[in-house]
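Here the structure is laid out as structure tokens; the discussion comes afterwards.
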Amino acid sequence: MDDIWTGEKLRLRGVEPEDWRDFRELARDLDGVRAAGLVEPPRSDESFRAWTAERAGRAPGGEAFRLVVEDLSDGGFVGAVTVGEVDRRAGRFRMGVEIGRAHRRRGYGREAVSLLLGYMFREERFHKCEVEVYAFNEASLALFRCLGFAEEGRLREHEFVGGVHHDVVVLGITAPEHLG
């Protein structure tokens, strides 16, 4: 069996306590956090250390989890993928991806999402993955569409970000669509 967590450019791994600085940098990227609707007041370094240590201590898997995207060439932190809002009865889940500014538009997001979908569809037996993307986030919309996600709807003026209400685009992909 191949390593389901490793692709051509990256591997997905658990969160480690020392990742706190990298998560802090993701949180300081205003464009990135705004595109995900995660703008918060500044946090202390201690808050990031505690948050990361708590996640590093969690048991693997579960109903919601986060994995680090690590560059195979140098072991560097690239970003993270997250699974949440799991509905095992219906066989669907939601996911998200964050890629650090220096690593965007280089194929990391595409490969990380593909690896995560492979795991969730093949190993966890889910049937469908859904994502919600702000309509202004063209890069994320392009990423998910190129992976085969289909637009399933638009929630008009659904979220308030940067002083304006924005539409949210709901996209989905089924296991047969992803696995072929």
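Residue 94 in full-length UniProt numbering is what sits at position 94 of the sequence shown, and the numbering runs on without skipping anything.
Quick reminder that beta carbons are idealized off the backbone N, C-alpha and C, glycines included.
Subject >> Span separating the alpha-carbon of G172 from that of V133 >> reply: Along the sequence shown, read from residue 1 onward, the residue named residue 172 stands at position 172. Along the sequence shown, read from residue 1 onward, the residue named residue 133 stands at position 133. Approximately 11 Å, taken between the alpha carbons.
**OP:** Alpha carbon to alpha carbon, how far is A80 from D45? Give it in angstroms, no decimals.
**Re:** The count along the sequence shown starts at 1 and reaches residue 45 at position 45. The count along the sequence shown starts at 1 and reaches residue 80 at position 80. Using only the alpha carbons, I get a separation of about 19 Å.
**OP:** Pick out whichever of E177, L155 and V161 has its Cα sitting closest to the Cα of F149.
**Re:** For the purposes of this step, residue 149 is identified with residue 149 of the sequence shown, where counting begins at 1. Shortest Cα-Cα distance from F149 to any of E177, L155 and V161 involves E177.
Subject >> Element boundaries [beta strand (DSSP E), containing A64] >> reply: Mapped onto the sequence shown, residue 64 falls at position 64. First-last for A64: undefined, no H or E at that position.
Original post:
Span of the alpha helix (DSSP H) holding E25?
Top reply: The residue you call residue 25 lines up with position 25 of the sequence shown. E25 -> alpha helix (DSSP H) spans W20 to R28.
Original post:
In chain order, what residues of the same chain have a beta carbon less than 7 Å from the beta carbon of N137, not counting five sequence neighbours either side?
Top reply: What you label residue 137 is simply residue 137 of the sequence shown in a count that begins at 1. The beta carbon of N137 is closer than 7 Å to those of A35 in its chain, skipping five residues each way along the sequence.
Original post:
Smallest Cα separation from G118: which of G37, V168, G180 and P41?
Top reply: On the sequence shown, position 118 is the one that residue 118 refers to. Residue G180 is the option with its Cα nearest to G118.
Original post:
Residues in its own chain within less than 7 Å of G153 by CB, not counting five upstream and five downstream?
Top reply: One-based indexing of the sequence shown puts residue 153 at position 153. If the five residues before and after G153 are omitted, its C-beta is found closer than 7 Å to the C-beta atoms of V170, all from its own chain and listed in chain order.
Subject >> Contact check, V15 vs V68, beta carbons under 8 Å >> reply: Within the sequence shown, residue 15 is the residue found at index 15, counting from 1. Within the sequence shown, residue 68 is the residue found at index 68, counting from 1. Against a cut-off of 8 Å, the Cβ pair of V68 and V15 comes out as a contact.
**OP:** For F93, count neighbouring C-beta atoms within 10 Å of its own C-beta (all shown protein chains included) and say buried if the count is 16 or more, exposed if not.
**Re:** Locating residue 93 in the sequence shown gives position 93, where the first residue counts as 1. It is buried - the Cβ of F93 has at least 16 other Cβ atoms within 10 Å.
Subject >> Residues near L10 by beta carbon distance below 7 Å, same chain, minus five either side >> reply: Here residue 10 refers to the residue found at position 10 when the sequence shown is read from its first residue. Taken in chain order, the residues that qualify are V69, E70, D71, L72, V78, Y108, E111 and A112.
Subject >> Nearest-angstrom Cα separation, counted from G96 out to R106 >> reply: The sequence position of residue 106 within the sequence shown is 106, counting from 1. The sequence position of residue 96 within the sequence shown is 96, counting from 1. Using only the alpha carbons, I get a separation of about 18 Å.
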